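Numbering (the working numbering), first residue to last: 1 to 123.
Glycine residues also receive a C-beta, built at the ideal position from the N, C-alpha and C atoms.
Remember, it's a predicted structure, so these values are computed and weren't measured experimentally.
Worksheet for the structure shown next.
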Amino acid sequence: MATEEQVKNGALIAYIAYGIGMLIPIATLIGLIVNFVKRGDAQGTWVESHHRWMLRTVLFSVVWTIVALVVMFIPVVNLLLWPAMVVLYIWYIYRVVKGFLSLNNQKPMYEQLGQVATDTAGV
Numbered sequence: 001m002a003t004e005e006q007v008k009n010g011a012l013i014a015y016i017a018y019g020i021g022m023l024i025p026i027a028t029l030i031g032l033i034v035n036f037v038k039r040g041d042a043q044g045t046w047v048e049s050h051h052r053w054m055l056r057t058v059l060f061s062v063v064w065t066i067v068a069l070v071v072m073f074i075p076v077v078n079l080l081l082w083p084a085m086v087v088l089y090i091w092y093i094y095r096v097v098k099g100f101l102s103l104n105n106q107k108p109m110y111e112q113l114g115q116v117a118t119d120t121a122g123v
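Okay, structure coming up:
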């Protein structure tokens, strides 16, 4: 069984990888691998929500990037592609920074009205 510090460090490494991934995309893949490997160790702890947060961030980023690539081939609508990608990039940065700061303050993600969300099914 991993200690709380080891569990937290696993999430920290993933956040760092995602941060580097903003400049060097292959680092995002490293962050994904860390999330999947360390997610089991974090199960039942406040850090578990961070792994879910990061996985959802990458999943939604990939989905919206694919949508943007499809839109790229639609005349006139493709004019919205660059602004949409800038918004997506800013959203990604926001999610990584917010998650990192919450991890640093030892707070779980998805906290609502003082209670942690209990939905842990799926990603």
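Asked: Do Ile30 and Ala11 come within 7 Å of each other at the CB atom, strictly closer than that value?; Found: no
Asked: Pairs of beta-carbons, one from the segment 67-74 and one from the segment 35-47, closer than 8 Å: are there three or more?; Found: no
Asked: Between the Cα of Thr45 and the Cα atoms of Ile90, Phe100, Met1, which residue gives the shortest distance?; Found: Met1
Asked: For Asn105, which of helix, strand or coil comes out of DSSP?; Found: coil
Asked: Using the rule of at least 16 other Cβ atoms within 10 Å of the residue's Cβ for burial, across every protein chain shown, is Met54 buried or exposed?; Found: buried
Asked: Using only the alpha-carbon positions, how far apart do Glu66 and Leu80 sit?; Found: The sequence given here places Ile at residue 66; Glu does not occur at that position. For Ile66 and Leu80, the distance between alpha carbons rounds to 14 Å.
Asked: DSSP on Val47, reduced to helix/strand/coil?; Found: coil
Asked: Can you tell me which of the three DSSP states Met1 falls into?; Found: coil
Asked: Using the three-state DSSP reduction, which class does Phe100 fall into: helix, strand or coil?; Found: helix
Asked: For Val7, which of helix, strand or coil comes out of DSSP?; Found: helix
Asked: Kindly indicate the opening and closing residues of the alpha helix (DSSP H) around Asn35.; Found: 26-42
Asked: Check whether the Cβ atoms of Ala14 and Gly21 sit closer than 7 Å, and answer yes or no.; Found: no
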